[in-house]
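Here the sequence shown is numbered in our numbering, starting from 503 and rising by one per residue.
All remarks here apply to the structure that follows.
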Amino acid sequence: MQLLKVSIIPRGTAALGYAQYLPKDQHIYTENQLHHRMQMTLAGRASEQIFFGRITTGALDDLQRVTKLAYAKVTNFGMNNKVGHVSFEEPQAGVPQLERPYSDHTAKMIDDAVRKKKKIFFCLFFQLIASTF
């Protein structure tokens with residue numbers, strides 16, 4: 503997605519800022535493109551911490567999107583060396599999932615991989631913004 507406009511200025515009661523993108527007809531992404539998307543999405547949280555000196559609930563949607571993408575990268579797209587080239591079926595909306603299609607050990611590996619990537623991407627973007635201002 504090509505970034506069109508970014509604002510960290512509140513525009514109403516629901517959002518504390520926004521990122522506007524040009525639509526793109528791409529449905530296949532490289533691992534690097536997914537990483538860039540996650541970094542870009544975490545920019546709101548990093549900006550809050552740098553400019554306001556604290557974090558707020560304003561980045562909730564961004565955190566949910568990054569978390570969902572990070573889990574999809576590992577569990578759906580098979581883009582993690584430790585977990586391997588596997589794809590686990592996602593539960594359908596509204597249908598309770600009684601069992602995971604993988605072990606507790608694999609679940610821990612997945613959670614660890616997601617937390618590690620999110621932390622790395624947040625730190626990278628935080629350093630980028632902090633060094634700019």
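Note that the Cβ used here is the ideal one computed from N, Cα and C, for glycine as well.
As for any beta strand (DSSP E) of minimum length 3 sitting wholly inside the stretch 513 to 589, the runs are 520 to 524, ordered along the chain. Judged by DSSP in its simplified three-state form, S605 adopts coil rather than helix or strand. Ranked by Cα distance from T559, the first of G586, G519, G580 is G519.
K575 is not a Cβ neighbour of L626, given a cutoff of 7 Å. The beta-carbon separation of A615 and N578, rounded to 13 Å, does not stay under the 8 Å limit for a contact. Within a 10 Å sphere around the beta-carbon of R602 sit fewer than 16 other beta-carbons, which makes this residue exposed.
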